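Student: The listed protein sequences correspond, in order, to chains A, B, C and D. Just so you know, the numbering used here puts 66 at position 66 of the first sequence, and the rest follows in order with no gaps. Plus 1000 on top of the position in the second sequence (first one is 1) and you've got the numbering used here. Plus 2000 on top of the position in the third sequence (first one is 1) and you've got the numbering used here. Plus 3000 on top of the position in the fourth sequence (first one is 1) and you've got the numbering used here. In this text, a Cβ means the ideal position worked out from N, Cα and C, and glycines have one as well. If you're wondering where the values come from, they're calculated on a predicted model, not measured in any experiment. Here it is: the structure, laid out below.
Number of protein chains: 4
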Amino acid sequence: MARNLLAAGFRVRAWNRTPGKTPQGAIECASPREAAGQSELVITMVADDAAAEQVTLGENGVIAGLPKGGMHAAMSTISVALSRKLQEAHRAAGQRYVSAPVFGRPEAAEKKQLWIVYGGAPADLETCRPAFAAMSQGVYPVGAPPQAHLAKLIGNFLILGLLEAVGEATALAEKGGLDPRELMTIFGKNSFGSPVFNGYAPRIAATEFEPAGFALPLGLKDATLALQAGAELRVPLPLASLTRDHLLAALARGRESWDWSGLASVVREAAGLPPRRA
Amino acid sequence: MARNLLAAGFRVRAWNRTPGKTPQGAIECASPREAAGQSELVITMVADDAAAEQVTLGENGVIAGLPKGGMHAAMSTISVALSRKLQEAHRAAGQRYVSAPVFGRPEAAEKKQLWIVYGGAPADLETCRPAFAAMSQGVYPVGAPPQAHLAKLIGNFLILGLLEAVGEATALAEKGGLDPRELMTIFGKNSFGSPVFNGYAPRIAATEFEPAGFALPLGLKDATLALQAGAELRVPLPLASLTRDHLLAALARGRESWDWSGLASVVREAAGLPPRRA
Amino acid sequence: MARNLLAAGFRVRAWNRTPGKTPQGAIECASPREAAGQSELVITMVADDAAAEQVTLGENGVIAGLPKGGMHAAMSTISVALSRKLQEAHRAAGQRYVSAPVFGRPEAAEKKQLWIVYGGAPADLETCRPAFAAMSQGVYPVGAPPQAHLAKLIGNFLILGLLEAVGEATALAEKGGLDPRELMTIFGKNSFGSPVFNGYAPRIAATEFEPAGFALPLGLKDATLALQAGAELRVPLPLASLTRDHLLAALARGRESWDWSGLASVVREAAGLPPRRA
Amino acid sequence: MARNLLAAGFRVRAWNRTPGKTPQGAIECASPREAAGQSELVITMVADDAAAEQVTLGENGVIAGLPKGGMHAAMSTISVALSRKLQEAHRAAGQRYVSAPVFGRPEAAEKKQLWIVYGGAPADLETCRPAFAAMSQGVYPVGAPPQAHLAKLIGNFLILGLLEAVGEATALAEKGGLDPRELMTIFGKNSFGSPVFNGYAPRIAATEFEPAGFALPLGLKDATLALQAGAELRVPLPLASLTRDHLLAALARGRESWDWSGLASVVREAAGLPPRRA
Chain A
1 MARNLLAAGF
11 RVRAWNRTPG
21 KTPQGAIECA
31 SPREAAGQSE
41 LVITMVADDA
51 AAEQVTLGEN
61 GVIAGLPKGG
71 MHAAMSTISV
81 ALSRKLQEAH
91 RAAGQRYVSA
101 PVFGRPEAAE
111 KKQLWIVYGG
121 APADLETCRP
131 AFAAMSQGVY
141 PVGAPPQAHL
151 AKLIGNFLIL
161 GLLEAVGEAT
171 ALAEKGGLDP
181 RELMTIFGKN
191 SFGSPVFNGY
201 APRIAATEFE
211 PAGFALPLGL
221 KDATLALQAG
231 AELRVPLPLA
241 SLTRDHLLAA
251 LARGRESWDW
261 SGLASVVREA
271 AGLPPRRA
Chain B
1001 MARNLLAAGF
1011 RVRAWNRTPG
1021 KTPQGAIECA
1031 SPREAAGQSE
1041 LVITMVADDA
1051 AAEQVTLGEN
1061 GVIAGLPKGG
1071 MHAAMSTISV
1081 ALSRKLQEAH
1091 RAAGQRYVSA
1101 PVFGRPEAAE
1111 KKQLWIVYGG
1121 APADLETCRP
1131 AFAAMSQGVY
1141 PVGAPPQAHL
1151 AKLIGNFLIL
1161 GLLEAVGEAT
1171 ALAEKGGLDP
1181 RELMTIFGKN
1191 SFGSPVFNGY
1201 APRIAATEFE
1211 PAGFALPLGL
1221 KDATLALQAG
1231 AELRVPLPLA
1241 SLTRDHLLAA
1251 LARGRESWDW
1261 SGLASVVREA
1271 AGLPPRRA
Chain C
2001 MARNLLAAGF
2011 RVRAWNRTPG
2021 KTPQGAIECA
2031 SPREAAGQSE
2041 LVITMVADDA
2051 AAEQVTLGEN
2061 GVIAGLPKGG
2071 MHAAMSTISV
2081 ALSRKLQEAH
2091 RAAGQRYVSA
2101 PVFGRPEAAE
2111 KKQLWIVYGG
2121 APADLETCRP
2131 AFAAMSQGVY
2141 PVGAPPQAHL
2151 AKLIGNFLIL
2161 GLLEAVGEAT
2171 ALAEKGGLDP
2181 RELMTIFGKN
2191 SFGSPVFNGY
2201 APRIAATEFE
2211 PAGFALPLGL
2221 KDATLALQAG
2231 AELRVPLPLA
2241 SLTRDHLLAA
2251 LARGRESWDW
2261 SGLASVVREA
2271 AGLPPRRA
Chain D
3001 MARNLLAAGF
3011 RVRAWNRTPG
3021 KTPQGAIECA
3031 SPREAAGQSE
3041 LVITMVADDA
3051 AAEQVTLGEN
3061 GVIAGLPKGG
3071 MHAAMSTISV
3081 ALSRKLQEAH
3091 RAAGQRYVSA
3101 PVFGRPEAAE
3111 KKQLWIVYGG
3121 APADLETCRP
3131 AFAAMSQGVY
3141 PVGAPPQAHL
3151 AKLIGNFLIL
3161 GLLEAVGEAT
3171 ALAEKGGLDP
3181 RELMTIFGKN
3191 SFGSPVFNGY
3201 APRIAATEFE
3211 PAGFALPLGL
3221 KDATLALQAG
3231 AELRVPLPLA
3241 SLTRDHLLAA
3251 LARGRESWDW
3261 SGLASVVREA
3271 AGLPPRRA
């Protein structure tokens, strides 16, 4: 994402938890505070709530560095509750806060094929638009900042639901004498074909769970965030619980490095199949 | 389907449980036996296992009428166990039996946009191909006759999984202040967009559960058939159980005439929402 | 049960699917029909619906042999639907039909410690009472014959729910550093202590799943019958589905000979524990 | 509990979030710190993790007041993670920390019929024993402090499992024409009879969900804590998820004041029954 910003001509001041990962052409900063100090737009993209909170609200965080009226676009997948907390903190500091979580695997990020759900004021979107355009193929406003973070969690929940469905479907196919790869290819060419389906179903059918595009522990994190949002809003999500249990079971067997589609390995084992085909 | 066969120039001898439903141009017969009597290819398309068994194995059924070497293409969605039973009965009678269950809503049938999963010998497919071509846009061989029936059940299970996922997703969106219709439209334009998703997700988001394209009791029938196949093959299908429970709950509230996507109404009520938006 | 009847002074005419299993003192008969021929009360106790149907309605079955006004007490665990069918068949034959399914493991049967839920007319119970008294410690009327069979399925469902709960509880205890056997003993001495809990919880905690008191496939049969009754009556039973899935998964791993409490082995494996402690 | 300590002759210094609730004979203190200042044993009993953390680690909390070598017995139901945190904080402060969560409804507390699972060193138990004896009928050591808190969560999870099982069982009974109260009474007199079963099953059968002995939101809290412990330890708990979803659904319908056994109302509604019988 930073490389795409640089390629589009933006001046980028970067801070990364692991020093030395700053892309060529960007100015490496010592802290989020320093990076935010002279920026018109601060973009944060980190792994989880703890990191997002630290990077934004911590002693050397974004809020401490951003000037009054400055803008923070939170692009990580974080909880609705934290998004609300960041919104309030920025408001109290006289700064602007928008959310812009992204959909797409790492390859999509490289190719500017991410798509963004945007939460924030329409005017603020105009400020961000050139940067977003440099990183993505589309931006979809859905409401206030916490709403866009909820939309992202909902999207990831829909993917989890698909992984579960395909996991069960391919286990049934395999034990019933069908070739699951062939079947998923047929389905993907017809009514079921979507980028998500065609990205995941053949891999699940082939039991290719490594290398991870999105690792199992991150999937568990997002299932948990969806369930927390559901609990706050009083919305039972039994399918989210089901996928969470299968992700947990995969981790209980030491599959931390597998892709989240590896939840299907647990479904396979419940059917008496090996976690991966030989 | 019969009308499309007639339009393609086939001579059609038809039998229907409800007399008088024979399409113009077809010869109405008094029984499946009579319809099968002088036919090169018998096609059956009925509502459930009981009907398929009666129509095929009953006193005045297909097997009684079909000449030696005659062909029966079972196009209904039936159980794997019954498909196997029909296969054996035809074999014993010196007749040919293939399976060709279809995907597509009634509108797709009218427009020849069904697609077919085919179970049977390649040579038999050549015999059937002109008739299949008159009714569908594509035929996909997947194995023996019971396998194609399993493939059909797997496809319907994948749709049920989608209905559940979208039901939970839209309930969460709605209670979280998002517009679920807008969100599903955005998702459908991007990674999630497939004919199935774009056919169902906006309707679920709009809580448009009537009129039924595929009625709730038929959905329950298919969820039950998938679970039975899973039990036989020792494959637990927790997502199928989840959707089955929601279909049952919808029927417990008298929603027999709703579309099977109406299982989302139960998810809504669990979240404290009305079954349909006002 | 037959031995207890003989010990109480009854004349017993017996038929068993496996010849030579007739207890000493009983008259071995060639068929259910023959056994029923000269009996005041016919008792059937068989493994499943198929056997119960065969033994009662088959060519040489009970109905064919029982005189007008004769009484049949169906003591097996069978489906509500079959119980209704038998009720109608006996009525049509001018015979009396009651249901009397039993609770208790084989040891309880030997020691006359079974207890019976009774479905039928109060007057018919008086006819049966001496025989029931010779085999059990208590008889509880609950309604018509199919209702007592439903009550039995409900009881077995409650046990399945307990097995699942204890399975999850002991897996959590074990991974959390507690001694699950000690914990279940403490719970069993206090608020949780019941014959069922104290019979099963320590064994699950000790992972003693063999020999079977009630084998896994029978547990699956009863979970399935409960779910069928639920489907007929439009009552979703998600806990029954959960236990059914775990029983299926245990069978998928070849544990046919284990006790139904062995469903806990699947819960253990999902937690990354071996199915049985070393 | 405080009244029972006073009745047994203990000197009690009390602090309550709601002033004026101090029982007669106890010395009312202005803060946990003050209450802890001159005490040999501090007992905390509060509603949730947030309160327990505040009361123990807050500015005017127990740790700030307790002398070196002083003892804190945490009797609330709290998370395993917080118990571990309190253990470390007390260790760092040179104080002793044990856990002693209790089982029993408010009536049991009044009648000294609580029972305690104890986590801590055997020597520390001897210090606490007289106080525990004044409040309960039994103390069961199970390991270190966080383990006893886990044991308590496991116990409450077992109760939740029972509530779910009985909820489904009684809905099925009612729709099948059985009298659920009568059936639960029969079961309670026989194999299923335990204090927990006999305390809850007849009430669920009678749909008596008010007044609450233990309110629904507290049940949700404990289901959530069990699931969190399971997530930390990598133990999927599908039955806990199921009950959590039903508790959430009950709260989504505004049943905050109902007893946690009111989760059965949701099971009833899924079966098309009214939440409570008229």
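Using a beta-carbon distance cut-off of less than 8 Å, what residues from the segment 1228-1245 of chain B approach chain C?
Tutor: Hits within the stretch, in order: Gly1230, Ala1231, Arg1234, Val1235, Pro1236, Leu1237, Pro1238, Ser1241, Leu1242, Arg1244 and Asp1245.
Student: Along the segment 165-188 of chain A, where does the CB come closer than 8 Å to a CB of chain B? Name the residues.
Tutor: Listed in sequence order: Ala165, Val166, Glu168, Ala169, Ala171, Leu172, Ala173, Lys175, Gly176, Gly177, Leu178, Asp179, Glu182, Leu183, Ile186 and Phe187.
Student: Return the CA-CA distance between His2149 (chain C) and Ile116 (chain A), expressed in angstroms with no decimal places.
Tutor: The alpha-carbon atoms of His2149 (chain C) and Ile116 (chain A) are separated by roughly 57 Å.
Student: Could you check if Pro2180 (chain C) is buried or exposed, using at least 16 other CB atoms within 10 Å of its CB as the buried criterion?
Tutor: Buried.
Student: What first and last residue would you give for the beta strand (DSSP E) that runs through Arg2096 (chain C)?
Tutor: From DSSP, the beta strand (DSSP E) with Arg2096 (chain C) extends over Arg2096 to Ser2099.
Student: Between which two residues does the beta strand (DSSP E) holding Gly2143 (chain C) run?
Tutor: Note, Gly2143 (chain C): beta strand (DSSP E), Ser2136 to Gly2143.
Student: List in chain order: all unbroken alpha helix (DSSP H) runs of 4+ residues lying wholly within the segment 3202-3268 of chain D.
Tutor: The qualifying runs are 3216-3233 and 3238-3252.
Student: Mapping the DSSP letters down to three states, classify Ala3014 (chain D) as helix, strand or coil.
Tutor: Strand.
Student: Alpha carbon to alpha carbon, how far is Thr44 (chain A) from Ala131 (chain A)? Give it in angstroms, no decimals.
Tutor: Approximately 13 Å, taken between the alpha carbons.
Student: Using the Cα positions of Asn156 (chain A) and Gly2143 (chain C), report the straight-line distance between them to the nearest angstrom.
Tutor: Asn156 (chain A) and Gly2143 (chain C): Cα-Cα distance of roughly 51 Å.
Student: Run through the DSSP bridge pairs and tell me what Phe2103 (chain C) is partnered with.
Tutor: BP columns for Phe2103 (chain C) point to C:Trp2115.
Student: DSSP state of Ala50 (chain A), grouped into three classes?
Tutor: Looking at Ala50 (chain A) - three-state DSSP - the assignment turns out to be helix.
Student: Who are Val2042 (chain C)'s beta bridge partners in DSSP?
Tutor: Bridge partners of Val2042 (chain C): C:His2072.
Student: At a Cβ threshold of 8 Å, is Ala249 (chain A) touching chain D?
Tutor: Interface residue, yes.
Student: Rounded to whole angstroms, what's the CA-CA distance from Ile2204 (chain C) to Pro3195 (chain D)? Just pull it up for me.
Tutor: Spanning the two alpha carbons is a distance of roughly 21 Å.
Student: Would you kindly work out how many angstroms separate the C-alpha atoms of Ala3109 (chain D) and Met3001 (chain D), rounded to a whole number?
Tutor: Going from the Cα of Ala3109 (chain D) to the Cα of Met3001 (chain D) covers about 6 Å.
Student: Gly3219 (chain D) touches chain C at which residues, Cβ-Cβ below 8 Å?
Tutor: The contacting residues do not exist; Gly3219 (chain D) stays about 15 Å from chain C at best.
Student: Mind the definition here: the segment 2240-2248 of chain C touches the segment 3096-3106 of chain D only if three or more C-beta pairs lie below 8 Å; say whether that holds.
Tutor: These segments do not touch.
Student: From this set, D:Ser3079, D:Glu3210 and D:Ala3165, which residue's C-alpha is nearest Ser3257 (chain D)'s C-alpha?
Tutor: Ranking the options by Cα distance to Ser3257 (chain D), first place goes to D:Glu3210.
Student: Which bits of chain C does Gly3025 (chain D) rub up against, with CB to CB less than 7 Å?
Tutor: Near Gly3025 (chain D) there are no residues of chain C at all, since even the closest Cβ is about 30 Å away, more than 7 Å.
Student: Scan the segment 2036-2066 of chain C for residues whose Cβ lies nearer than 7 Å to a Cβ of chain B and list them as they occur along the chain.
Tutor: So the list is empty, because no residue satisfies the distance condition.
Student: Could you tell me which residues DSSP pairs with Ile186 (chain A) in its beta bridges?
Tutor: Answer is none; Ile186 (chain A) lacks a bridge partner.
Student: Please say whether Pro2023 (chain C) and Leu2006 (chain C) have beta carbons closer to each other than 8 Å?
Tutor: Yes, these two residues count as a Cβ contact at 8 Å.
Student: Do the segment 2057-2067 of chain C and the segment 2078-2095 of chain C meet, that is, are 3 or more Cβ pairs less than 8 Å apart?
Tutor: Segments in contact, yes.
Student: For Ala3240 (chain D), tell me which candidate among D:Leu3162, D:Leu3057, D:Leu3082 and D:Ser3191 has the shortest Cα-Cα distance.
Tutor: Of D:Leu3162, D:Leu3057, D:Leu3082 and D:Ser3191, the residue nearest in Cα terms is D:Leu3162.
Student: What are the residues in the segment 2261-2278 of chain C lying within 9 Å of chain A by C-beta distance?
Tutor: Cβ contacts with chain A: Val2266, Glu2269, Ala2270, Ala2271, Gly2272 and Leu2273.
Student: Establish whether the CB of Arg3255 (chain D) and some CB of chain B are separated by less than 8 Å.
Tutor: Judged by the 8 Å Cβ criterion, Arg3255 (chain D) is not in contact with chain B.
Student: Kindly indicate which three-state DSSP category Glu2034 (chain C) falls into: helix, strand or coil?
Tutor: Of the three classes helix, strand and coil, the one that applies to Glu2034 (chain C) here is helix, per DSSP.
Student: Is it true that the segment 183-197 of chain A meets the segment 1185-1193 of chain B, where meeting means three or more beta-carbon pairs spaced less than 8 Å apart?
Tutor: With a cut-off of 8 Å, the segment 1185-1193 of chain B and the segment 183-197 of chain A count as touching, because enough Cβ pairs lie within range.
Student: Taking only the alpha-carbon atoms, compute the straight-line gap between Glu1107 (chain B) and Leu1114 (chain B) and give it to the nearest angstrom.
Tutor: Roughly 9 Å between the two C-alpha positions.
Student: For Glu3126 (chain D), write down the residues that DSSP places opposite it in a beta bridge.
Tutor: Partner(s): none; Glu3126 (chain D) has no beta bridge.
Student: Using three-state DSSP, classify Glu3059 (chain D) as helix, strand or coil.
Tutor: Of the three classes helix, strand and coil, the one that applies to Glu3059 (chain D) here is coil, per DSSP.
Student: Under 8 Å, Cβ to Cβ, is there at least one residue of chain B near Val12 (chain A)?
Tutor: Judged by the 8 Å Cβ criterion, Val12 (chain A) is not in contact with chain B.
Student: Exposed or buried, which one is Ile186 (chain A) when buried takes at least 16 other CB atoms within 10 Å?
Tutor: Buried.
Student: Please identify, using Cβ separations under 7 Å, the residues of the segment 3106-3125 of chain D that lie next to chain B, in order along the chain.
Tutor: Those residues of the segment 3106-3125 of chain D that come within reach of chain B (Cβ to Cβ, closer than 7 Å) do not exist; the list is empty.
Student: Can you find a C-beta in chain D that's less than 8 Å from the C-beta of Ala73 (chain A)?
Tutor: Closer than 8 Å: no.
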